Structure formats: structure tokens, C-alpha cells
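Report on one structure; see the data block that follows.
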Amino acid sequence: MEWITEKDLENISVGATLLGTGGGGDPFVGKLMAMQAIQKYGPVKVLQLDELDDEELVMPVGSIGAPSVSNEKIASEEEIYAPAEALKDFFPERTQAIMPIEIGGGNSLLPIACAAKMGLPIVDADAMGRAFPESQMVTFFLKGYQPEIVSMADSQGNRIIYYPKDGAWSEKIARAVTDVMGGSANMADNIFPGKIVKECGIGGTLSLAKKIGEELSSLNEIDAPVKRLLSLLNGFSLFEGKIDHIERNVEGGFTKGKATLAGIGCNKGEKLELLFQNELLLASKNGKVLASTPDLICALDYETGKPITTETLRYGSRVHVIALACDPKWRTEKGIEVAGPKYFGYEIEYTPVEELMGEESICID
Numbered sequence: 001m002e003w004i005t006e007k008d009l010e011n012i013s014v015g016a017t018l019l020g021t022g023g024g025g026d027p028f029v030g031k032l033m034a035m036q037a038i039q040k041y042g043p044v045k046v047l048q049l050d051e052l053d054d055e056e057l058v059m060p061v062g063s064i065g066a067p068s069v070s071n072e073k074i075a076s077e078e079e080i081y082a083p084a085e086a087l088k089d090f091f092p093e094r095t096q097a098i099m100p101i102e103i104g105g106g107n108s109l110l111p112i113a114c115a116a117k118m119g120l121p122i123v124d125a126d127a128m129g130r131a132f133p134e135s136q137m138v139t140f141f142l143k144g145y146q147p148e149i150v151s152m153a154d155s156q157g158n159r160i161i162y163y164p165k166d167g168a169w170s171e172k173i174a175r176a177v178t179d180v181m182g183g184s185a186n187m188a189d190n191i192f193p194g195k196i197v198k199e200c201g202i203g204g205t206l207s208l209a210k211k212i213g214e215e216l217s218s219l220n221e222i223d224a225p226v227k228r229l230l231s232l233l234n235g236f237s238l239f240e241g242k243i244d245h246i247e248r249n250v251e252g253g254f255t256k257g258k259a260t261l262a263g264i265g266c267n268k269g270e271k272l273e274l275l276f277q278n279e280l281l282l283a284s285k286n287g288k289v290l291a292s293t294p295d296l297i298c299a300l301d302y303e304t305g306k307p308i309t310t311e312t313l314r315y316g317s318r319v320h321v322i323a324l325a326c327d328p329k330w331r332t333e334k335g336i337e338v339a340g341p342k343y344f345g346y347e348i349e350y351t352p353v354e355e356l357m358g359e360e361s362i363c364i365d
């Protein structure tokens, strides 16, 4: 993929929503903003990691806050672009590209809009390989690189620039600022030279999102979308069920909750529980853990295979839950410490999904 054009946005949106594990911001709003930007400013050039200049800077951008809030408080055009433009003023000659901080929902599409308006390329990579709820949960942090300057903006025209001690403090400050800004904001952080981005970035994620979207859009009524996705992504089928209970609350700048599913088809008579904090983090069947963060847990529409965000999980919906192995960077000791189940208060040890599912029979009706 050398350019992102308007016709690519739908497929990227669908694929990024799947990789976002239920979070990452509203993909519909992000798609509309990227579409408007490309219509106004033209297509966006795509750079691969190995094309980056070692010395010039790459600027990751994205939104922060509770999806429940951002869905109702849609970002203004100024809010989207202000953080990146403010930091570009600090490094006017050195900024070579924009990058999604995560490959998830709207946070994969807002950077495309930013890149179009600023006349910069976008990097076919991100710093998570999925979406995570906290800003220090990036591969830069795993390698010991800390954000030195962060810019944030809200829909009221407020802007803030701060200089955090490290990634953990950056998250604390950003979360507090986001709360004051009404529960959602946009930010630019983790600005590093190309050499560091090459070392830490998870490459090809925008292309993968597009490929997933293309796969789903090519299916006809007699195809089995979930089987096709599992084959494409080397994934695991966890459960087929109907949502019979959903809890969702905004706490501390996150949308937290759980959903329970009553099994249908070959899972009839069984129960699945999904726990989430913006993103789906833990799936357990009849009390047995099937998958946990940092592996990807994805909820798909039972009929179409299209991904469903945690905000759109609804009572009565029929859902197919699948899991994908995370990038190897997250399976290191540091990765599990930063984004494993214990970080979120789940008293279990992380076990790779392929080990948890090793003895489970594949169940797809």
C-alpha cells in the first residue's frame, strides 16, 4: 500500500475495529473525518518502517478517554489537528511522518486525517498492534523510551503541552487532563526519531487492517466470514452466543464493564463472560479462562463477521468471539507486566491463547 485514498477508508475502518479489540474510538466518526480530510487535501502517502529517515521525527497521534463519552462528544476539526500541529511547531524541519499510536477503531483513522491536512505521509505501523486503554501501553515504553513532550486539545479550544517524567506519569497527567476536558481529548505523544520507531514499531498494521476489511467485503451470503477470518489471522474461535446481560460504566476516564453470553449452536448450554476496560481484556467460559490481554479478544457479528466495539455490545445481539495472538513484543516479561491480566486486577497468570485453546475443540456452526 503506497497511498491511502478515500476508497480505502471503509476497509481500513473495518479491519482496524477488529484489531482494536472493541476499543480505539468510534470507527464511523473517524472514517468520516478521514474522508473529509482526503477530499479536501488529497490522498496520503504511506511509508513503511524501513523507509523512515533515522534522524527525522515520527509523530504518533490519537484520542484518549472513555468511548462512551467520545461517541456523544464528537471531536471538532480543531481538536483533531491541534495537538500534532502544536508539536510540529516545536520541530518544524524534523517531522517526517504521522503514525497511529494504536491500530484500533477511530484511532487508526484520525491519524490519516491529520496526515492529509498537514501534508505528511503516514507510517504503516503503530505502537501496540491492537488497542490498549492506557497511553503508556506502547512498545516504546517496553524498550525504555519515554515521551519527552505531550500535546493535548479539546473541543472547546483548550490546548496543553506538558513534559512528563516518564510514560507512566504521562498517562496519569493525560487522564486527569482528559477528565477536565470532558472525558475525551486528542493527543500527540511518543515523538521519536525514525531509528527508534523502526526498532519499536509494529509494522504493516494499516495494511493488515485494509486486508481484513477487503476479506469481509468480498464475502457473499453463502460464505462463512468467521472461518475466513480465522484462516487469514491464524485465530481461535472462543464462543458463539447471545448477549443476555451487559454492564457498562464510565470510571476514571474509561468505559468499564462486562457482558455475559448464553451459548448458541455448538456452545448451547454454556456461558461466556467478557470483561472490558475500553477494550476486551478477558474471556472465560464456565469459569475457565480462554483468552486474556495482551492477546486480542474480538467480538464479531454472528451473521456478517463484522467487528463490534464494546460500546455497541447490546442485549440480545448474537456474537461470535474470537482471539488472536498478540505481537511477540507483548509476550516479554515487561510486556506482560505493563499490559497483562494482573495489571488490570485480574488475579490470573498470563497464558498465551494458543496454549489455553490447545485442548479446546473448534466450534463454528
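For the sequence shown, counting from 1, position 133 maps to 133 in the UniProt record's numbering; every step adds exactly one.
We treat Cβ as the ideally placed atom computed from N, Cα and C, and that holds for glycine.
It should be emphasised that the depicted structure is a prediction, and the values quoted were computed from it without experimental measurement.
- The shortest CA-to-CA distance from Arg175 to any of Ser63, Leu356 and Ile149 is the one to Ser63.
- Under the three-state reduction of DSSP output, Asn286 falls in the coil class, being neither helix nor strand.
- Counting other Cβ atoms within 10 Å of its Cβ, Leu232 stays below 16 and is therefore classed as exposed.
- In this structure, the CA atom of Leu300 is about 11 angstroms from the CA atom of Ser237.
- Looking at the DSSP output, Pro60 shares a beta bridge with Met99.
- Collapsing the DSSP output to three states places Tyr81 in a helix.
- Cβ-Cβ distances below 7 angstroms link Glu273 to Lys258, Thr260 and Ser284 in the same chain, with the five nearest sequence neighbours on each side left out; the list follows chain order.
- Membership of Asp8 in any beta strand (DSSP E) is not indicated, and neither H nor E is assigned to it by DSSP.
- Taken in chain order, the complete alpha helix (DSSP H) segments of 4 or more residues contained in the region 228 to 293 number zero; there are none.
- Per DSSP, the continuous alpha helix (DSSP H) segment holding Asn107 begins and ends at Gly106 to Met118.
- In terms of Cα proximity to Ser217, the closest of Glu10, Gln48 and Gly167 is Glu10.
- DSSP, reduced to helix, strand and coil, places Arg175 within a helical segment of the structure shown.
- As computed with DSSP, Cys326 is found in no beta bridge at all.
- Residue pairing by DSSP leaves Val180 without any beta bridge partner.
- Counting C-beta atoms within 10 angstroms of its own C-beta, Ala224 has fewer than 16 neighbours from the protein chains shown and is therefore classed as exposed.
- With a cutoff of 8 angstroms on beta-carbon distance, Gly129 and Ala16 are scored as not near each other.
- The Cβ atoms of Val338 and Gln36 lie no closer than 8 angstroms to each other.
- By the CB criterion at 8 angstroms, Ala185 and Val197 fall outside the cutoff.
- Going by beta carbons, Val61 and Pro121 fall outside the 8 angstroms limit.
- DSSP lists Trp3 as the bridge partner or partners of Lys45.
- Boundaries of the alpha helix (DSSP H) harbouring Ile212: Thr205 to Ser217, taken from the DSSP string.
- Taking C-beta atoms under 8 angstroms as the contact rule, Tyr346 and Ile336 fail to qualify, at a distance of about 12 angstroms.
- A buried status is given to Trp330, since no fewer than 16 other beta-carbon atoms sit within 10 Å of its beta-carbon.
- Beyond the five residues adjoining it in sequence on each side, Ala116 comes within less than 8 angstroms, by CB distance, of Ala34, Ala37, Ile38, Lys40, Tyr41, Gly42, Pro43 and Val44 in the same chain, given in chain order.
- In this structure, the CA atom of Ile348 is about 16 angstroms from the CA atom of Ile297.
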